[in-house]
Amino acid sequence: MFFRRVGTLNARRVPAAALIVQSVWTALLCLTGSYGQLLNYVIFAALVFYALTTIGLFILRAKRPDMERPYRAFGYPVLPALYICLTTLVMLLILLSPSTRQDAFLGLALVLLGIPVYFLWRRVEPSPPAAASRV
28 MFFRRVGTLN ARRVPAAALI VQSVWTALLC LTGSYGQLLN YVIFAALVFY
78 ALTTIGLFIL RAKRPDMERP YRAFGYPVLP ALYICLTTLV MLLILLSPST
128 RQDAFLGLAL VLLGIPVYFL WRRVEPSPPA AASRV
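First residue of the sequence shown: 28, per my numbering; consecutive thereafter.
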């Protein structure tokens with residue numbers, strides 16, 4: 028999905044290139060604004076994915092009811108449904124608040140920017156074969 032070099036381990040079995048890329052990306056994000064702004068970017072995007080993951084629980088159980096479930100969701104279906112509702116409410120409150128709306132949209136835009144980048148990347152660099160030295 029990313030540069031092949033980033034997915035390799037060094038002689039000490041550490042993904043050093045991945046750590047460097049992540050460090051540079053983190054430093055660039057830190058230069059974009061205050062801690063509060065970064066928190067707003069991340070929180071809104073994270074809430075979107077948390078809600079989508081929980082929705083996926085319902086979809087998976089509907090499409091694959093016979094699938095083995097090594098982990099059982101506590102309070103299913105009530106608590107996951109309540110979680111989706113509360114998460115959606117928090118996201119709406121973030122979007123309705125003038126002080127956090129812009130940061131939430133910027134965070135969401137940053138995440139959505141990854142979609143075309145992902146598909147472009149798949150065209151440019153084909154999937155590597157599975158290897159033991161990959162992360």
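Here a beta-carbon is modelled for each residue, glycine too, at the ideal position from N, C-alpha and C.
Every value quoted in this text rests on a predicted model; they were computed, and no experiment measured them.
T81 - partner residues in DSSP beta bridges: Partner(s): none; T81 has no beta bridge.
T80 versus P92, R39 and Y110, residue with shortest Cα-Cα distance: Y110
Separation of R40 from L122, as counted between CA atoms: 43 angstroms
Proximity of F71 and G134 at Cβ, strictly below 7 angstroms: yes
Same chain, Cβ closer than 6 angstroms to V162, neighbours up to 5 away in sequence not counted: Any answer about V162 is weak, because its pLDDT of 49 lies below 50 and its placement is not dependable; what the coordinates show is given next. Once the five neighbours on either side are set aside, the close Cβ partners of V162 are G34 and P42.
Distance between L106 and M94 (C-alpha atoms, nearest Å): 21 angstroms
Three-state secondary structure (DSSP) of T53: helix
Span of the alpha helix (DSSP H) around V117: V105 to L123
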